[in-house]
Amino acid sequence: MSTRFTTAERAWHAWAPPVGPDTGSAAQIAAYETSVWPDSPYFRLLAWHPQGLATRTALDQAIFLGRPGLPRGERELAATVASRLNGCELCTSVHSRFTVTFTKDADAVARLLEQGVDAEFAPRWRAIVDAAAALTASPPRFGAHHVRALTEVGLSRADIQDIVEATAFFAWANRLMMSLGEPAAPDAADAEAIANQRAADERAVIAG
Numbered sequence: 030m031s032t033r034f035t036t037a038e039r040a041w042h043a044w045a046p047p048v049g050p051d052t053g054s055a056a057q058i059a060a061y062e063t064s065v066w067p068d069s070p071y072f073r074l075l076a077w078h079p080q081g082l083a084t085r086t087a088l089d090q091a092i093f094l095g096r097p098g099l100p101r102g103e104r105e106l107a108a109t110v111a112s113r114l115n116g117c118e119l120c121t122s123v124h125s126r127f128t129v130t131f132t133k134d135a136d137a138v139a140r141l142l143e144q145g146v147d148a149e150f151a152p153r154w155r156a157i158v159d160a161a162a163a164l165t166a167s168p169p170r171f172g173a174h175h176v177r178a179l180t181e182v183g184l185s186r187a188d189i190q191d192i193v194e195a196t197a198f199f200a201w202a203n204r205l206m207m208s209l210g211e212p213a214a215p216d217a218a219d220a221e222a223i224a225n226q227r228a229a230d231e232r233a234v235i236a237g
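As numbered in our numbering, residues 30 to 237 make up the sequence shown, in order.
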């Protein structure tokens, strides 16, 4: 498997000081405490703009947890494709783990991480990967033929909307994260954030 893109946990280090209990306002602290990962330096950094973080949190949860719609694992697959193409190591790590958790197809995820979007996939995954890759491109290459391909493998219009939303959200979120800090292999100083990440992963599995 690629040493850069992996399902292994990754840390993230901010290039500017994140908000903390001693530096933030009540609104800023509330924003990061109700975010996806309260102890993550990334979400604490975003908490300098609490309304922006609160909106991001609500949008993230609506896109990935909303029901009914596309199975969660395939939403995560779309996010993984966007993250890998954009080069966001932490997002790729997180969403590839979720893809494995919800689809149970670790082999296909490993091919995506190692070989990229041109790897061999089953027809349904092929259509989703192609659509997500086209949406992630700048400028986007997504077109009617992607909609037809998704429809042919059984996706409804609502399912296709879920693909578009999951991909678009992370095509944006990747670029934001990559402009504010950098990934790193976890060390002792990252223990709290990594534990928080694991807890968030467990909650996501329960929410399913």
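Positions of the beta carbon are idealized from the N, C-alpha and C atoms, including for glycine.
Note that the structure is predicted; figures quoted are calculated from it, not measured.
Residue i - DSSP class collapsed to helix/strand/coil
i      : result
Ala151 : coil
Ala55  : helix
Pro212 : strand
Met30  : Note on Met30: pLDDT 40, under 50, position unreliable in the model; no value is reported.
Trp201 : helix
Ala156 : helix
Candidates the options, of which the one nearest residue i by Cα
i      : options                          : result
Gly210 : Ala139, Ala40, Arg113 and Phe199 : Ala40
Arg155 : Ile192, Pro168 and Asn115        : Ile192
Pro215 : Ser208, Gln226 and Thr109        : Gln226
Thr36  : Val123, Glu194, Glu181 and Thr52 : Val123
Gly116 : Ala60, Ala139, Glu103 and Pro212 : Pro212
Ile92  : Thr180, Ile235 and Phe198        : Phe198
C-beta neighbour in chain C for residue i, strict 7 Å
i     : result
His42 : Within the model displayed, chain C is absent; a lone protein chain is all it includes.
Outcome for residue i when other beta-carbon atoms lying within 10 angstroms are tallied against a minimum of 16
i      : result
Met30  : Since pLDDT at Met30 reaches only 40, below the 50 mark, its modelled position is unreliable, and the value read off the structure follows with that caveat. By the 10 Å Cβ count, Met30 comes out exposed.
His174 : exposed
Ile194 : Rather than Ile, the amino acid found at residue 194 in this sequence is Glu. Its Cβ being crowded by 16 or more others within 10 Å, Glu194 is buried.
Ile235 : exposed
### Query
Counting pairs of beta carbons, one from the region 79–90 and one from the region 127–144, are three or more of them closer than 8 Å?
They do not touch, by the three-pair rule.
### Task
List in chain order: all unbroken alpha helix (DSSP H) runs of 4+ residues lying wholly within the region 57–140.
Secondary structure in the region 57–140: the alpha helix (DSSP H) runs of 4 residues or longer, each lying completely within the stretch, are 70–75, 79–94, 101–115 and 118–132 in chain order.
### Query
Does the region 42–50 touch the region 63–78, meaning 3 or more C-beta pairs lie closer than 8 Å?
Contact holds: three or more Cβ-Cβ distances are below 8 Å.
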